[in-house]
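**Student:**
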């Protein structure tokens, strides 16, 4: 007799974040659509395969008008995965889900960028540029202090003391002497780098690949240096 | 306007207590009212260095607990009228210190004295954090060697984060006092140079106290070196440091041990 109890797979939900481009229509919509058409003529494939969020904070549209706008965009091969900047009360079935908590990030320009397209004649305000995430520390980082900034780059104008620690999601720049530990690309960014005016570091790490002071060549010590990741090895070279 | 000064270092044995006594006496020399407080509850030393160990009746903990009044615990120095000591308790430990209690004592002292100098215990625990808690300015005592310098770096970080001033967004004025400096040993590479220490700690220099037998002699007879032998090299360095604390411009000399200085020292002793 076969067992009636079927083994059930447990459901797993994992939070994930994705990069999406937000496009923000400006009133009047008809004029904006013709501007968009003009841009798309120059680079047809710009939105192909891109996740696009529709930022409607600059316009005030009824649910029907939103549906119409989404349809208009789909005609142009722009698939809208979500809308933001609208009152959730205005949402109705059939519309893409309402997104919240979006933050500007720096993203590499996709090929065939339309950023270079001349600005349309209408006196439209420039769209808000995303705030680049970086942390500037003007004082020395003292022994025992730990600076953790996973959102982006960390720049230290002073020195990083022995026993101090900098953890950055992006690159780390130290304009004084780096005597402590520097961990760049801590959130999995293999392209992050570490730059310092004088390397006497206890430990350098990029995307969890590290080297301790013992493994840093003697000829590099006390010199301006940078560290980067090449495959699975942390490379360090002098910068003068 | 009273100024609360903490003498701190992180590492033990670098000269905090010696420097507290020497600077306290140097500041009080012109009649300025100075009190030195021992925060090293359980391991007090300042009373010995000040030569007041046989006159201790009440202490800081008694005042915090309300057992004694501040005026009962303060010990007036026998040599300098304007210099006072508030001793620590030897029978209790650092847990007897409370934040409110220390605040109350410091506030009361502010009304009576021009300088309140808190002699911090070594370490970064309760005694040390409460000694620096209400400071307006700090003297970081450092020996020119790597472990002392790193501990000082740690303490500077705490001064910038754990003091009342730091929490209010203000700054604690920080002064670096390098003690036990020997130019010959620095030249031989057995010690860090002054430049190395300043580069690592990037804190303004208050003074350089040369390594000297005079310091130990003074401690053993229970007298601040600035009172015991005011003309000795370390005493003069402490007097200069005290003048800089008061805001005077005094040129800084790196102590050197040339034959000339030795000869002059010997000549003075013989006289």
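Chains as they are written, first to last, in my numbering: chain E, 3 to 242; chain X, 111 to 381. All C-beta atoms in this analysis are idealised placements derived from N, C-alpha and C, irrespective of residue type, glycine included.
Any chance you could list the alpha helix (DSSP H) runs of at least 4 consecutive residues sitting entirely within the stretch 251-324 of chain X, in chain order?
**Tutor:** 256-269, 274-277, 293-297 and 304-311
**Student:** Which residues of chain X have a Cβ atom closer than 7 Å to the Cβ of residue 142/E, listed in chain order?
**Tutor:** 312
**Student:** In this structure, does DSSP put residue 200/X in helix, strand or coil?
**Tutor:** In the structure shown, residue 200/X sits in coil (DSSP, three-state: anything other than H, G, I, E or B).
**Student:** Determine whether the beta carbon atoms of residue 185/X and residue 212/X lie at a separation below 8 Å.
**Tutor:** no
**Student:** Taking all protein chains shown into account, do 16 or more other C-beta atoms lie within 10 angstroms of the C-beta of residue 145/E, making it buried, or fewer, making it exposed?
**Tutor:** buried
**Student:** Shorter than 7 Å, the distance from the beta carbon of residue 278/X to the closest heavy atom of the ligand HEM, or not?
**Tutor:** With respect to the ligand HEM, the structure offers nothing, as it holds no ligand at all.
**Student:** Could you list which residues in chain X have their beta carbon closer than 7 Å to that of residue 161/E, in chain order?
**Tutor:** 312
**Student:** Considering only residues of the same chain and omitting the five flanking positions on each side of residue 364/X, which have a CB-CB separation below 7 Å?
**Tutor:** 293, 304 and 318
**Student:** Report the residue ranges of all alpha helix (DSSP H) runs contained in full by the stretch 181-211 of chain E; include only those spanning at least 4 residues, in chain order.
**Tutor:** Fully contained in the stretch 181-211 of chain E is no alpha helix (DSSP H) run of length 4 or more.
**Student:** Identify, in the order they occur along the chain, each residue of the same chain with its Cβ nearer than 8 Å to the Cβ of residue 3/E, setting aside the five sequence neighbours on each side.
**Tutor:** Legend: pLDDT at residue 3/E = 47, less than 50; position of this residue unreliable, value from coordinates given subsequently. The same chain holds no residue with a CB closer than 8 Å to that of residue 3/E once the five nearest residues on each side in sequence are set aside.
**Student:** Take residue 35/E as the anchor and find which of 85/E, 76/E, 59/E and 99/E has the nearest alpha-carbon.
**Tutor:** 76/E
**Student:** So, with DSSP's three-state summary, where would you put residue 127/X?
**Tutor:** helix
**Student:** May I ask you to verify whether the stretch 114-123 of chain X touches the stretch 169-182 of chain X, counting CB pairs closer than 8 Å and requiring at least 3?
**Tutor:** Inter-segment contact for the stretch 114-123 of chain X and the stretch 169-182 of chain X is absent: fewer than three beta-carbon pairs are separated by less than 8 Å.
**Student:** With distances taken from CA atoms, which of 144/X, 169/X and 264/X is nearest residue 220/X?
**Tutor:** 144/X
**Student:** Buried or exposed for residue 63/X, going by 16 or more other Cβ atoms inside 10 Å?
**Tutor:** Residue numbering for chain X in the displayed model covers 111 to 381; residue 63/X lies beyond these limits and cannot be assessed.
**Student:** Please decide whether residue 164/E counts as near chain X, where near means a Cβ-Cβ distance under 8 Å.
**Tutor:** Using beta-carbon distances, residue 164/E counts as an interface residue toward chain X, with a partner under 8 Å.
**Student:** Quick one: does residue 148/E have its CB under 8 Å from some CB of chain X?
**Tutor:** no
**Student:** Less than 8 Å between the C-beta atoms of residue 382/X and residue 238/X, yes or no?
**Tutor:** Nothing in the structure corresponds to residue 382/X, since chain X is present only between 111 and 381.
**Student:** For the candidate residues 241/X, 263/X and 189/X, whose alpha-carbon lies nearest to that of residue 210/X?
**Tutor:** 241/X
**Student:** Let's see if you can read the secondary structure: which residues bound the alpha helix (DSSP H) around residue 237/X?
**Tutor:** 236-243
**Student:** Considering only DSSP beta bridges, list what residue 228/X is partnered with.
**Tutor:** 116/X and 147/X
**Student:** Using a Cβ-Cβ distance cut-off of 8 Å, determine whether residue 263/X contacts chain E.
**Tutor:** yes
**Student:** Please state whether DSSP places residue 115/E in a helix, a strand or coil.
**Tutor:** Confidence in residue 115/E is poor, its pLDDT being 36 and thus under 50, which makes the residue's placement unreliable; the coordinate value appears in the next sentence. Note: residue 115/E maps to coil in three-state DSSP.
**Student:** Quick check on DSSP: helix, strand or coil for residue 110/E?
**Tutor:** For residue 110/E, the pLDDT reaches just 38, beneath the cut-off of 50, and the residue's location in the model is therefore unreliable, although a value from the coordinates is still provided. Looking at residue 110/E - three-state DSSP - the assignment turns out to be coil, as it is neither helix nor strand.
**Student:** Can you tell which of 222/X, 276/X, 234/X and 299/X has the C-alpha that lies nearest to the C-alpha of residue 255/X?
**Tutor:** 299/X
**Student:** Cα separation between residue 179/X and residue 140/X?
**Tutor:** 27 Å
**Student:** Is the stretch 171-183 of chain E close to the stretch 199-219 of chain E, with three or more CB pairs under 8 Å?
**Tutor:** yes
**Student:** Please state whether DSSP places residue 192/X in a helix, a strand or coil.
**Tutor:** coil
**Student:** What number of angstroms, rounded off, separates the C-alpha of residue 239/E from the C-alpha of residue 229/E?
**Tutor:** Answer to the nearest angstrom: the Cα atoms are 7 Å apart.
**Student:** Use the C-beta contact count for residue 263/X: other C-beta atoms within 10 angstroms, 16 or more gives buried, fewer gives exposed.
**Tutor:** buried
**Student:** Could you work out which residues of chain X lie near residue 145/E, taking near to mean beta carbons separated by less than 7 Å?
**Tutor:** 260, 263, 264 and 267
**Student:** Does the Cβ of residue 188/E have 16 or more other Cβ atoms within 10 Å, making it buried, or fewer, making it exposed?
**Tutor:** buried
**Student:** Do residue 72/E and residue 88/E count as a contact pair if the criterion is CB distance below 8 Å?
**Tutor:** no
**Student:** Leaving aside the five residues before and after residue 138/E along the sequence, list all residues of the same chain whose C-beta is less than 7 Å from its C-beta, in chain order.
**Tutor:** 157
**Student:** For residue 193/X, which residues of its own chain have a beta-carbon under 7 Å away from its beta-carbon, when the five flanking residues on both sides are left out?
**Tutor:** 134, 135, 138, 144 and 187
**Student:** Considering just the uninterrupted stretch of the alpha helix (DSSP H) at residue 213/X, what are its terminal residues?
**Tutor:** 209-220
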